[in-house]
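Read through the structure below, which is laid out as structure tokens, and then see the notes.
Below, the structure is given as structure tokens:
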């Protein structure tokens, strides 16, 4: 009886339903677990951890004082420590504790991070006056404030130094914003205008139309921009003088004194003296800096806004390009092409293109788009810029086109499947009412197939936003802080190189000279890339669901 019930249960298909449900549940749990690990390791980097000061005594060596953030604690076999050259007694216990300290002060110690043996640390403490300086170069600096100077003269020391320091850092931060705006916006506008004048003059010269009147007009316009630049240069020099006016002297935990200008300091904080709410406010300010600022220190400090902007811009341009081409190709294959051997071969070819390695598309994009198409555009439309390439070099346009070619098969297949699901009776009814085939396609078939088109676009965006290999060849670079969208004509610079979150992860994780500093940023950037892809997909899903509800009545 039991055996009969078991056979009936298997025949009912219930075991396979439970098996599929279990597999989906495991996949979801693993995905959420992976995202949680990435989030914890990435977002935890921005929390202002306490700075620990302790005495460190290596057997047989003089004791020294160390200060830094505890990044990692692990247990390692004594034999392993002894094999690394440390004076470890192998007859003790089996394991010893090893701690990774972020000691900062790279210009003093030569490295930001160091491993220490936990058992050799003693008298650990967290002094309230121990200060962390986040610098624009050379990483963090940890120490005690000795004095604050203005033009080399001491203006505050002792207990009054901290309040004076915070005020002057606020002043320097505002001056830094003015400097960036002056250098990038105002002086950048002058440089762009002078380059336009040069290209216009060169273009007339190549056509044999550069007469004395035109040359005089160009020189007059050029002189106006030079005068404007001279006034900006004077303002820039005054700002830089004020920017480098103040300095601070800091004493390290082992007694060395170091001075540096406040122009090199992004912020100073005393984490051991901060309340929980102060740390929380600091944490969110660091998060905002991460998503809104430019990278520093070989991409291991600062923010990643140029990479976010480049990723989103390139994906949107790709979507604008691939959608009409994919839809038109699918309409031709389903609605117009004669269903014969040639059409079947084309469909097989399209399906096979979806499995071609991405790097192959990158090589194709470099060879055809950049060298052939871009080089031809330069010869036809931009001869005055020669020998410097305009479109004959990797850039935003070619990266977007390469991704469009890469994702085109996905859009074609998804759209064609959507067209095939529309009942033939719907088409015949439209034709019977007097509509032409084009009107039927435009007013009936395509609206009903729009959810399938959006499905193809969702899959295309999901794949394109995470691709890295082909982009390394056609426009993505390590550092491009200038955005391709600015106030200079033609405003959107499709020939400009961009940053990308996927390539940024690769560069920081595998090309960074400071591995320990880069590791948490790899997790944080990876989490941000996932969030960007999810946001793009949710936007497309929302549009698809809206279209599906709008045309649901036609399905019945």
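In my numbering, the protein residues as written are 2 to 557.
Glycine is no exception: its CB is placed at the ideal position from the N, C-alpha and C atoms.
Taken atom to atom, the span from the alpha-carbon of residue 526 to that of residue 154 is near 43 Å. With the rule of 3 Cβ pairs closer than 8 Å, the region 135-147 counts as touching the region 265-279. Shown here, residue 430 sits in a helix according to DSSP, grouped into three states. In the DSSP assignment, residue 277 falls within the alpha helix (DSSP H) that extends over 277-293.
Here the region 291-310 does not lie against the region 76-89, with fewer than 3 beta-carbon pairs under 8 Å apart. For residue 178, there is no enclosing beta strand (DSSP E); the residue is found in the alpha helix (DSSP H) stretching over 162-181. For residue 438, the enclosing alpha helix (DSSP H) has its first and last residue at 438-441.
A contact between stretches requires three or more CB pairs, one per stretch, nearer than 8 Å, and the region 366-379 meets this requirement with the region 402-411.
If you compare the alpha carbons of 65, 482, 99 and 45 with that of residue 293, the shortest gap goes to 482.
Across the structure, residue 45 and residue 119 are spaced so that their CA atoms are roughly 23 Å apart. A Cβ-Cβ separation of about 4 Å places residue 408 in contact with residue 461 under the 8 Å criterion. Looking only at 58, 543, 492 and 241, the smallest Cα-Cα distance to residue 124 is reached by 58.
Apart from the 5 residues on each side of it in sequence, residue 412 sits with its Cβ closer than 6 Å to the Cβ of 323, 327, 457 and 461 in its chain, given in chain order.
Three or more pairs of CB atoms, one per stretch, sit closer than 8 Å, so the region 278-285 contacts the region 47-54. Sequence-distant Cβ neighbours of residue 451 in its own chain, meaning closer than 6 Å and more than five residues away, are 548. Across the structure, residue 171 and residue 256 are spaced so that their CA atoms are roughly 28 Å apart.
Non-local beta-carbon contacts of residue 204 in its own chain, meaning distances under 7 Å to residues more than five positions away in sequence, involve 385 in chain order.
The three-state secondary structure of residue 139, taken from DSSP, is coil.
Annotated three-state conformation of residue 151 is strand, per DSSP. Bridge partners of residue 116 according to DSSP: 101.
Its Cα nearest to that of residue 162, the residue 248 stands out among 248, 102, 142 and 233. In the DSSP assignment, residue 446 falls outside any beta strand (DSSP E), carrying neither H nor E. The Cβ-Cβ distance between residue 498 and residue 376 does not fall below 7 Å.
Looking only at 55, 250, 186 and 242, the smallest Cα-Cα distance to residue 230 is reached by 186.
For residue 125, the enclosing beta strand (DSSP E) has its first and last residue at 122-126. With three or more CB-CB distances shorter than 8 Å, the region 93-107 counts as touching the region 61-76. DSSP lists 55 as the beta-bridge partner residues of residue 67. Residue 249 is bridged by DSSP to 149 and 261. Put simply, of 117, 373 and 246 the residue whose alpha carbon is nearest the alpha carbon of residue 156 is 246.
Short of 7 Å from the beta carbon of residue 152, and not among the five residues preceding or following it, lie these beta carbons of its own chain, in chain order: 246. Scanning the region 348-376 from its first residue to its last, no whole beta strand (DSSP E) run of 3-plus residues comes out. DSSP places residue 493 in the strand class (E or B) of the three-state scheme. In this structure residue 325 is exposed. Its beta-carbon is surrounded by fewer than 16 other beta-carbon atoms within 10 angstroms.
In the DSSP assignment, residue 267 falls within the beta strand (DSSP E) that extends over 266-270. Between residue 88 and residue 61, the gap from beta carbon to beta carbon is short of 7 Å. The Cβ-Cβ distance between residue 495 and residue 486 does not fall below 7 Å.
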